[in-house]
Amino acid sequence: MIKSCATIALVPEINYGPWIFWKDLEKGMEKAAELGFDAIELFTPASTTVEFDFLHELLTKYQLALAAVGTGAGKVIHGLTLTDPDPGIRKKAISFISDMIAFGATFGAPAIIGSMQGNVLPGNDRNQTLSWLAEGLEILGEKAREQHTFLIYEPLNRYETNLLNTMKAGVEFLEKLETKQVKLLADLFHMNIEEADISKSILEANGHIGHIHFADSNRKPIGLGHTEMAPIAKAIKDIQYSGFISAEAFPEPSPDEAAIQTIQSFRKFFS
131 MIKSCATIAL VPEINYGPWI FWKDLEKGME KAAELGFDAI ELFTPASTTV
181 EFDFLHELLT KYQLALAAVG TGAGKVIHGL TLTDPDPGIR KKAISFISDM
231 IAFGATFGAP AIIGSMQGNV LPGNDRNQTL SWLAEGLEIL GEKAREQHTF
281 LIYEPLNRYE TNLLNTMKAG VEFLEKLETK QVKLLADLFH MNIEEADISK
331 SILEANGHIG HIHFADSNRK PIGLGHTEMA PIAKAIKDIQ YSGFISAEAF
381 PEPSPDEAAI QTIQSFRKFF S
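To convert a position in the sequence shown, counted from 1, into this note's numbering, add 130.
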């Protein structure tokens, strides 16, 4: 069964971005539950931002699941990536993500590696950079296995990374790894930029997709851009995807309106 998910950002250093609810964890969860979402995805400064007991209490109170936890604050706040030429920074990045894996795993949720994958920096060798990425994912995949969960790697568009931009590139890269605990995140916004045929790309990535970000061509909630969602939804159902469809979209026109637009679109295509 495909499940709906709202996003909540709790990072003080960020005041705008593709998350539906902001700053107030309980208020966001209350609204998500009221609208009928199945889960939340959290973007926090660190693994210790939200106390376990408090989050467990709120998840129980509002009958929500924790779908995933983002790691992007590691780059936003600390400048950490898995492909930095400095081995000390790469080690810190692995440590930061490892802590997020452990945090999410206590609630059955995987961690997402998006911006923390980094870039091939000017003057650096691409193959060497990809080997650093592979090394990091091998270590973190094992961490995820130990925590009885999996890890999510997100191909980003060319304006955010020059590593792996398409689902095909992601599949080919992951299939070369020893770890089998890393899955792909199919982000419809990034795919709209990079994929010639989003539906086909989803079908060809069958078996590798562990999470989906639900956003339109302009990164607003689905229905507010020009993405043709019907064939994409069919492809998602055709691969028998049973995970979360998570609204990593701008909170426009407002958080409440974005949440309503998202859940209505989710029900239109997946209920």
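Even for Gly, the Cβ is constructed at its ideal location relative to N, Cα and C. Owing to the predicted nature of the structure, the values given are computational and were not obtained by experimental measurement.
The alpha carbon of Ala239 has as its nearest neighbour, out of Glu272, Glu265, Val206 and Ala195, the alpha carbon of Ala195. Between Lys157 and the set Leu304, Glu143 and Pro385, the nearest pair of CA atoms involves Pro385.
Counting C-beta atoms within 10 angstroms of its own C-beta, Ser225 has fewer than 16 neighbours from the protein chains shown and is therefore classed as exposed. Restricting attention to Leu189, Ile362, Met297 and Asp154, the CA atom closest to the CA of Glu334 is found in Met297. Exclusion of the five residues before and after Pro175 leaves Leu140, Val141, Pro142, Glu143, Ala203 and Ile207 as the residues of its chain whose Cβ lies within less than 8 Å of its Cβ. Under DSSP, His343 shares a beta bridge with Asp317 and Ser376. Secondary structure note for Phe226: its alpha helix (DSSP H) is the uninterrupted segment Pro217 to Ala235.
Taken atom to atom, the span from the alpha-carbon of Lys398 to that of His320 is near 22 Å.
Contact check between the region 373–388 and the region 148–162: three or more CB pairs, one atom from each, fall below 8 Å, which counts as touching.
Segment contact: the region 275–292 against the region 349–360, fewer than three CB-CB distances shorter than 8 Å; contact not assigned. A Cβ-Cβ contact shorter than 8 Å links Leu165 with Ile390. Between the alpha carbons of Pro215 and Ala223 lies a distance of about 12 Å.
In chain order, Val250 place their CB closer than 6 Å to the CB of Arg256, counting only its own chain and leaving out the 5 sequence neighbours on each side. Taken in chain order, the whole alpha helix (DSSP H) runs of length 4 or more contained in the region 248–295 are 256–276. In terms of Cβ geometry, Thr291 and Gln258 do not form a close pair [threshold 8 Å].
Taking the Cα positions, Lys313 is about 25 Å away from Thr178.
Classified as buried, Pro351 has 16 or more neighbouring CB atoms from the shown chains inside 10 Å of its CB.
Ile242 is not a Cβ neighbour of His338, given a cutoff of 8 Å. Between Lys205 and Ser261, the gap from beta carbon to beta carbon reaches 8 Å or more. For Ala360, the enclosing alpha helix (DSSP H) starts and ends at Met359 to Asp368. The straight-line gap separating the alpha-carbon atoms of Ile138 and Met359 is approximately 24 Å.
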